[in-house]
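*Asks:*
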Ligand code: GCU
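Residue numbers (the numbering used here): 11 to 360.
#1: Helix, strand or coil: which one does DSSP assign to residue 306?
#2: Give the range of the alpha helix (DSSP H) segment to which residue 188 is assigned.
#3: Between which two residues does the beta strand (DSSP E) carrying residue 261 extend?
#4: In the DSSP output, what is residue 181 paired with across the bridge?
#5: If you drop the 5 nearest sequence neighbours on each side, which residues of the same chain put their C-beta closer than 6 Å to that of residue 57?
#6: Which residues in the same chain have their Cβ closer than 7 Å to the Cβ of residue 112, if we skip the five residues on either side of it in sequence?
#7: Counting only the same chain and skipping the five closest in sequence on each side, list residues whose C-beta sits under 6 Å from that of residue 176.
#8: The alpha helix (DSSP H) that contains residue 4, what's its start and end?
#9: Mind checking residue 324: buried by the 16 CB within 10 Å criterion, or exposed?
#10: Compare the C-alpha of residue 281 against each of 182, 81, 294, 143 and name the closest.
#11: So if DSSP puts residue 267 in a beta bridge, which residue, or which two residues, is it bridged to?
#12: What number of angstroms, rounded off, separates the C-alpha of residue 73 from the C-alpha of residue 264?
#13: My output table needs one value for residue 363: the three-state DSSP class, helix, strand or coil.
#14: My output table needs one value for residue 139: the three-state DSSP class, helix, strand or coil.
#15: Just the Cα atoms here: how many angstroms apart are residue 362 and residue 173?
#16: So, at 8 Å on beta carbons, what are the nonlocal neighbours of residue 208 in its own chain, with the 5 sequence-adjacent residues on each side left out?
#17: With distance defined between alpha-carbon atoms, name the residue in 193, 51, 122, 52 nearest to residue 330.
#18: Could you please give the first and the last residue of the uninterrupted alpha helix (DSSP H) stretch that includes residue 107?
#19: Compare the C-alpha of residue 95 against each of 332, 117, 51 and name the closest.
#20: How about the segment 276-293 and the segment 186-202: do they share at least three Cβ pairs that are nearer than 8 Å?
#21: Does ligand 2 have a heavy atom nearer than 7 Å to the CB of residue 255?
#22: Between the beta-carbon of residue 150 and the beta-carbon of residue 135, is there less than 8 Å?
#23: Between which residues of its own chain and residue 210 is the CB-CB distance below 6 Å, once the five residues before and five after are set aside?
#24: From this set, 127, 98, 262, which residue's C-alpha is nearest residue 141's C-alpha?
#25: Given a cut-off of 8 Å on the beta-carbon distance, is the pair residue 320 and residue 168 in contact?
#26: Between 225, 180, 214, which has its C-alpha nearest residue 202's C-alpha?
#27: Between residue 178 and the rest of its own chain, which residues show a CB-CB distance below 8 Å, the 5 nearest in sequence each way excluded?
#28: Indicate whether at least one CB of chain C lies closer than 8 Å to the CB of residue 215.
#29: So, for residue 123: in the same chain, excluding its five sequence neighbours on each side, which residues have a beta-carbon less than 8 Å away from its beta-carbon?
#30: From the DSSP output, which residues share a beta bridge with residue 61?
#31: Whose C-alpha, out of 257, 143, 316, 248, is nearest the C-alpha of residue 322?
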């Protein structure tokens with residue numbers, strides 16, 4: 011009898027031991043897998059929308075996804091940002107307007123579009139302003155760049171970070187642009203931007219404003235003879251299929267801004283705002299790296315698919331540059347001091 015009692019007690023002790031061990035293992039697993047498992051399950055306090063008009067695999071979209079992922083992890087699942095790529099939320103100018111009223115929370119937009127609402131933004135996208143990419147980044151990463159992020163406030167937006175969009179060049183459907191005379195009389199698609207339209211007209215072409223999503227059909231249907239953009243957009247939107255002559259004139263570098271609606275910003279605590287700013291800046295560095303790789307890849311893919319590259323000789327580039335000088339005074343006459351500082355920054359060695 012006593013033996014049976016001892017055995018029972020032994021079992022009891024063992025069971026308690028096994029249960030305790032199980033509990034320890036389970037809690038260790040919960041700690042180990044906490045972030046990933048629970049972020050999915052956790053009901054977020056905020057679910058925000060992020061609008062992006064590029065394809066899923068495009069550097070700016072990948073930057074947006076990185077941003078959303080970092081924000082979710084660093085706010086422990088309190089803030090979830092849903093990235094809508096491929097322009098499904100609308101054209102950039104509509105997005106900007108909706109953001110003023112809080113209809114969309116976040117976006118990455120081309121400065122050309124933003125400048126239609128905040129005219130001083132034109133300063134940072136003037137034709138032939140920067141000598142190269144290093145020059146532009148010296149400006150955007152410095153005091154001028156920070157000040158211009160703040161100007162987003164003039165239209166009810168918060169400027170979070172700068173994304174790269176490289177340099178823009180002309181491409182045409184039926185005949186190449188090899189000199190200034192070639193562009194004369196051509197119908198060229200431009201963004202919905204008055205300054206870009208004037209720039210193209212100053213070169214002797216007629217400007218046609220068309221939204222990004224409709225450029226392919228505009229070229230295909232012959233509404234325009236050509237367009238202008240960077241290598242990744244040219245390749246990603248398949249513009250090379252309908253405009254195979256790519257003239258490397260690099261007339262503009264149009265940076266892109268990651269923005270947040272002030273209406274959304276007002277809902278957030280100081281701590282969350284700081285997390286968002288930090289993640290935006292980090293995602294921008296990530297995007298810049300992806301951009302450099304994509305620029306080369308896109309150029310090579312387009313060439314393999316049949317694009318013909320025309321390098322504009324230096325003296326011809328100077329003629330293009332001289333022809334567009336009028337837009338400096340017309341659009342940015344009040345900001346000549348900042349323009350001088352930007353030009354000065356080009357003379358500094360890295
Ligand atoms: C670039 C830019 C887009 C913009 C487009 C355009 O691709 O990244 O945001 O819409 O130019 O030419 O409209």
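Beta carbons are placed, not taken as given, at the ideal position from N, Cα and C, and that holds for glycine.
*Replies:* Reading off the structure:
#1: Taking the first residue of the chain shown as 1, we reach residue 306 at position 296. Helix.
#2: Taking the chain shown and counting its residues from 1, one reaches residue 188 at position 178. Residue 188 -> no alpha helix (DSSP H), and no H or E assigned at all.
#3: The residue labelled residue 261 in the question sits at position 251 within the chain shown. Run containing residue 261: 255-262, per the beta strand (DSSP E) assignment.
#4: For this step, residue 181 is matched to residue 171 along the chain shown. Looking at the DSSP assignment, residue 181 forms a beta bridge with 237, 256.
#5: As a first step, residue 57 must be located in the chain shown, where it is residue number 47. Around residue 57: 90.
#6: Your numbering for residue 112 matches position 102 in the chain shown. Result list for residue 112: 271, 273, 274, in chain order.
#7: Here residue 176 refers to the residue found at position 166 when the chain shown is read from its first residue. Cβ neighbours of residue 176 beyond the five flanking positions: 240, 305.
#8: In the structure as shown, the chain starts at 11 and stops at 360, and residue 4 therefore has no counterpart that could be examined.
#9: What you label residue 324 is simply residue 314 of the chain shown in a count that begins at 1. Looking at its Cβ environment, which holds fewer than 16 other Cβ atoms inside 10 Å, residue 324 is exposed.
#10: Here the question's residue 281 lines up with position 271 in the chain shown. Measuring from the Cα of residue 281, the nearest candidate turns out to be 81.
#11: On the chain shown, residue 267 is found 257 positions in, with the first residue counted as 1. 119, 172, per the DSSP bridge assignment.
#12: Within the chain shown, the letter at position 63 stands for residue 73. Within the chain shown, the letter at position 254 stands for residue 264. So the two alpha carbons sit approximately 17 Å from each other.
#13: Coverage of the chain is limited to positions 11 through 360, which leaves residue 363 absent and any answer about it impossible.
#14: For the purposes of this step, residue 139 is taken as the residue at position 129 of the chain shown. It is coil, neither helix nor strand.
#15: For the chain, the structure presents residues 11 to 360; residue 362 sits outside this window and is missing.
#16: In the chain shown, counting from the first residue as 1, residue 208 sits at position 198. Taken in chain order, the residues that qualify are 217, 336, 337, 340, 341.
#17: In the chain shown, the residue the question calls residue 330 occupies position 320. For the residues 193, 51, 122, 52, the minimum Cα distance to residue 330 belongs to 193.
#18: Sequence index remark: in the chain shown, residue 107 carries index 97 (1-based). 102-110 is the extent of the alpha helix (DSSP H) around residue 107.
#19: As a working note, residue 95 is residue 85 in the chain shown. With distances taken between Cα atoms, residue 95 lies closest to 117.
#20: no
#21: This structure lacks ligand 2; the ligands present are ligand 1.
#22: Here the question's residue 150 lines up with position 140 in the chain shown. Here the question's residue 135 lines up with position 125 in the chain shown. Taking 8 Å as the Cβ cut-off, residue 150 and residue 135 do not qualify as a contacting pair.
#23: Residue 210 sits at position 200 when you count from the first residue of the chain shown. Contacts found: 198, 200, 217.
#24: Position 131 of the chain shown, counted from the start, is the residue given in the question as residue 141. Closest by alpha carbon: 262.
#25: As a first step, residue 320 must be located in the chain shown, where it is residue number 310. As a first step, residue 168 must be located in the chain shown, where it is residue number 158. In this structure, residue 168 does not lie closer than 8 Å to residue 320 by Cβ.
#26: The residue labelled residue 202 in the question sits at position 192 within the chain shown. Residue 225 is the option with its Cα nearest to residue 202.
#27: Numbered from 1 along the chain shown, position 168 holds the residue referred to as residue 178. Contacts found: 238, 239, 240, 260, 261, 262, 263, 264.
#28: The displayed structure is made up of one protein chain only, and chain C is not part of it.
#29: For the purposes of this step, residue 123 is taken as residue 113 along the chain shown, with counting starting at 1. Once the five neighbours on either side are set aside, the close Cβ partners of residue 123 are 102, 103, 106, 201, 202, 203.
#30: Translated into the one-based positions of the chain shown, residue 61 becomes position 51. Answer is 94, 117.
#31: Against the chain shown, residue 322 aligns to sequence position 312. Here the closest residue by C-alpha is 257.
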